[in-house]
Amino acid sequence: MINEKLINPASIVVVGGSDDLFKPGGKVLKNILDGKFSGNLYVVNPKQDIVQGIKSYRDLNDIPETDLAILAISSKLCLNAIEILLKNKNTKAFIIISAGFSEAGEEGRKLEKEIVELVNEAGACLIGPNCIGVVTQSYQGVFTSPVPKLNCRGCDFVSGSGATAVFIFESAMPKGLNFSSVFSVGNSAQTGVEEVLEYWDNTYDAAVSSPIKLIYVESIQNPDKLLHHASSLIRKGCRIAAIKAGTTEAGSRAASSHTGAMASSDSAVEALFRKAGIVRCSGREELTTVASVFFHKHLKGRNIAIITHAGGPAVMLTDALSAGGMNIPKISGVHHDRLLTMMNPGASADNPIDLIATATNDQLDNVIEYVDKQLPLIDGMSVIFGSNGLNDMTEIYDLLHKKIQDCNKPLYPILPSVTSSSKELEHFLNRGHVNFPDEVVLGRALTKIFNTPYPAEEKIFLENIDVLHVRQIIDNSPNGYLEPAIIQELLNAAHIPVVKETIAFSKRELLSVAKKTGYPLALKVVGPVHKSDVGGVTLNIKSEKHLEAEFNRMIRIKGVKAVLVQQMLSGTELFIGAKYEPRFGHIILCGLGGIFVEVLGDVSSGLAPLTFSEAESMIRSLKSYKIIHGTRGKSGINESKFAEIIVRLSSLLRYATEIKEMDMNPLIGSLENITVVDARIRIEK
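One rule links them: number in this note's numbering = place in the sequence shown (from 1) + 633.
In structure tokens form, the structure reads like this:
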């Protein structure tokens, strides 16, 4: 539990403080001193009386009462030190920098557990162990360099990895990003990422708290807590970006060897972040670039104007934005002509608006002003301007400073001359701005932010869903794959449309069904899980002779005990699936169906239960969305009905957690209807 003694201590003791700045105890003490901590600062070192000019106590029992203890001693000495501090010194907050705990094996895991039990009994707070420390507005309690520049309105940052936190500082600081607080939680023995989010949420004050939160996490221990507090913060006006590492098998192994973390599947993490409204980033540069975008005015639409004096970067930015679904609309007509009059001969006003290398400060000013005030189609601007020897960069940066403040639309400055104009750029950043040195990284960051949905509502759709009947079916079913008739009954209970089908055990039964149903028909085996793999699916059967031949063939396939006969439907093949992830719950997947699921791998994920807006966002985020929407004269499908089936399935699964795997593949979709043609469900109680 994070408390005031950790955030704003009146006194700090560094146990293991040293004059050696290449030791954690030495460096953390120096950083606290350099940060001008205003409270009482104590040091414990059994061999010295003065350490870095501070009185040092040789025995921990001799120090005065202390709010916060930072331990930079051997792991085997930590338990005794904490016992003394808790019982005799009224210490209520601890940061254990030391390694050698749960990440090191069973013995370290037991020691870590004992420490947590002691701290919990005393109602105290523990950060770590195996971390770099904590930075707040009160003190710089980390042993690493660099220490980020602090600003109460900068980013709040929590990291499960100390080294990664430092590397993120290295990425952020040249861009001009400042930090309000930093929590390196290490092994998260008591306080992890979720608890830090909880603290941020419970103490959030829009007038004084930072509105930007950054996360690096390797293990999500409590997805529900993360979801609740992240979405709550975003609804309060915050913006959150995160990296979740260790989602592949190899990455999971690396994370486990690093911190003892348990990695979750990538689809589970993707679904959780989408539901919470967290912008998911893949690396440090992307994370700090997304954070930099957060510091600008909100982008309200997809239409971007690119203003540049260099063609190449504008082309690369255009490609990056377009690939992510953003628009760079062509400027034409009177607006095009007016912009041309503001620039030198040879310039282009199409968008990108290329002022060419001879552009002046006044020309740039006029173009930005026109785009901001006279082009309602444009939602945001990016200005690319680097040093080419023809411009006074101080004047350019002063102009951008003014425009970023005065423009109604967000203006993202791409200033790539970080070496040749370093002094001018430093002046620009010191005025509270951030820079985007790479146009492609900015383009990708903008698309990720814009495509991240707002947090979902916390409610379950239950209209025409017979929860009682769902439970009866599940309770009466054995473990394993359900029979087709049971699957149909279960889907009917959730009001999910299913194709009419009948099971035939004999040729006579089959022919009788065919006469009632009419042709064309589809015939599928009952028994094998993967029907196509054993030749157990035949479509578009148009005659009795063909039907008999297929029955005779299929009934001889190993494991087949009957056949399923269905009326043939035509339309676009779709897919909806689900799998149960421990701690996360059911992950719902959707995409194009049939063989396209495995061949293209184009699926979108969501965390049950889903709302209609979440389901619609999942559908629109598919790379194959143009096919679903309709393209090149071919009609699409009924997207609202597709979304409704996704939502209904997610609600069904909320009350049937025993379902561990589920496939509805394919569904056949048209503009009028969407119908489940084939499904399989595995139960594990």
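Just so you know, even glycine gets a beta-carbon here, dropped at the ideal spot from N, CA and C.
Residue 1278 and residue 1286: beta carbons closer than 7 Å?
no
Roughly how many angstroms lie between the CA atoms of residue 837 and residue 1238, to the nearest whole one?
30 Å
Going along the chain, which residues of its own chain have a beta-carbon closer than 8 Å to the beta-carbon of residue 1021, five neighbours each way excluded?
942, 943, 990
Between the CA atoms of residue 906 and residue 778 - distance to the nearest angstrom:
31 Å
Under 7 Å between the Cβ atoms of residue 1014 and residue 988?
no
Cβ-based burial, residue 1101 [other Cβ within 10 Å; buried from 16]
exposed
Where the beta strand (DSSP E) through residue 576 begins and ends:
In the structure as shown, the chain begins at 634 and stops at 1318. Residue 576 is therefore absent and cannot be evaluated.
Residues in the same chain with beta-carbon distance under 8 Å from residue 1103, minus the five sequence neighbours each way, listed in chain order, please.
1123, 1126, 1127, 1285, 1288, 1289
Grouping DSSP H, G and I as helix and E and B as strand, with all else coil, what is residue 1305?
coil
Among 827, 740, 871, nearest to residue 840 - alpha-carbon criterion
871
Quickly, what does DSSP pair residue 816 with across the bridge? List them, please.
767, 791
Are residue 1112 and residue 1318 touching if we call contact CB-CB under 7 Å?
yes
Can the beta-carbon of residue 911 be found less than 7 Å from the beta-carbon of residue 956?
no
How is residue 1263 classed by DSSP in three states: helix, strand or coil?
strand
Which one or two residues does DSSP pair with residue 1300 in a beta bridge?
1207, 1309
Residue 1087 classed as buried or exposed, judged by whether at least 16 other C-beta atoms fall within 10 angstroms:
exposed
For the alpha helix (DSSP H) holding residue 1255, just list the boundary residues, first then last.
Looking at the DSSP string, residue 1255 is not in any alpha helix (DSSP H), and its letter there is neither H nor E.
Excluding the 5 residues preceding and the 5 following residue 832 in the sequence, name in chain order all residues of the same chain whose CB lies nearer than 7 Å to its CB.
635
Cα-Cα separation between residue 676 and residue 740, rounded to whole angstroms:
29 Å
What first and last residue would you give for the alpha helix (DSSP H) that runs through residue 709?
708 to 721
Classify residue 758 as buried or exposed, calling it buried when 16 or more other Cβ atoms lie within 10 Å of its own Cβ.
buried
Does DSSP classify residue 1174 as helix, strand or coil?
strand
Alpha carbon to alpha carbon, what distance is there between residue 969 and residue 982?
6 Å
Helix, strand or coil: how does DSSP classify residue 861 here?
helix
Any Cβ of chain D within less than 7 Å of the Cβ of residue 770?
Among the chains of the structure shown, chain D does not appear; only one protein chain is present.
Chain-order list of residues whose beta-carbon lies under 6 Å from that of residue 795 (same chain, five-residue window excluded)
764, 765, 817
So for residue 673, helix, strand or coil by DSSP?
strand
Going by DSSP in three states, residue 746 sits in which element: helix, strand or coil?
helix
Mark residue 885 as exposed unless 16 or more other C-beta atoms lie within 10 angstroms of its C-beta, in which case mark it buried.
In this prediction, residue 885 scores a pLDDT of 46, lower than 50, which makes its location untrustworthy; the coordinate-derived value is nonetheless stated afterwards. Answer is buried; the Cβ neighbour count reaches 16.
The stretch 713 to 723 contacting the stretch 692 to 704, beta-carbon criterion three pairs below 8 Å:
yes
Please report the residue range of the beta strand (DSSP E) in which residue 704 lies.
701 to 704
Assign residue 1228 to one of two classes, buried (16 or more other C-beta atoms within 10 Å of its C-beta) or exposed (fewer than that).
exposed
Please return the same chain residues whose Cβ sits closer than 8 Å to the Cβ of residue 1254, not counting the five positions on each side in sequence.
1084, 1237
Going by DSSP, which residues form a beta bridge with residue 1365?
The chain is shown from 634 up to 1318; residue 1365 falls before or after that span and cannot be answered.
Helix, strand or coil: how does DSSP classify residue 903 here?
helix
Buried/exposed call for residue 896, threshold 16 Cβ in 10 Å
Note that residue 896 has pLDDT 39, beneath the 50 cutoff, so the model's placement of it is unreliable and no number is given.
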